[in-house]
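Notes follow once the structure below has been shown.
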Amino acid sequence: MIEFILGCILLIAGALFTAFPRDRRYITRLINLEVAEFGLVMIMLSFSEVLALVTFVAVNVVSTFIFVRLIEKKEGGEVQ
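Each residue of the sequence shown is one higher than the one before, starting from -3 at the first, in the numbering used here.
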């Protein structure tokens, strides 16, 4: 039960700090997104360990890929 509550707190805090960061750099948003991902893993860990592992891998890969592409476009370093 404690994993679920802690996971909800981390998920909400990470999502809010990713959406409305104090520091507008992309690395800050990426770190805040990792906090939200860890919160999601904690929620899934309260149900099943395998579900938590699969969720973490899937969410981590997709979100990191999206943020790296966004950073490349914003920095103008897109390689063709």
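Quick reminder that beta carbons are idealized off the backbone N, C-alpha and C, glycines included.
It should be emphasised that the depicted structure is a prediction, and the values quoted were computed from it without experimental measurement.
Beta carbon of residue i, beta carbon of residue j: below 8 Å?
i: V46; j: L6; result: no
i: T51; j: M40; result: yes
i: G3; j: G35; result: yes
i: S44; j: F0; result: no
Here's a check: name, in chain order, each residue in its chain whose Cβ is nearer than 7 Å to the Cβ of residue i, leaving out the five neighbours to either side.
i: N56; result: E33
i: S59; result: L29, E33
i: A15; result: none
i: L26; result: F63
i: T24; result: P17
Kindly indicate the opening and closing residues of the alpha helix (DSSP H) around residue i.
i: F16; result: That residue, F16, is in no alpha helix (DSSP H); it is neither H nor E in DSSP.
So, under 8 Å CB-CB, residue i and residue j are touching, yes? Tell me the CB distance rounded to an integer number of Å.
i: F61; j: Y22; result: At roughly 14 Å, the Cβ-Cβ gap does not stay under 8 Å, so F61 and Y22 are not in contact.
Tell me which residues share the same chain as residue i and place their Cβ nearer than 6 Å to its Cβ, disregarding the 5 neighbours each side in the sequence.
i: L66; result: none
Determine whether the Cβ of residue i lies closer than 8 Å to any Cβ atom of chain D.
i: T60; result: Although the question refers to chain D, the structure presented lacks it and comprises just one protein chain.
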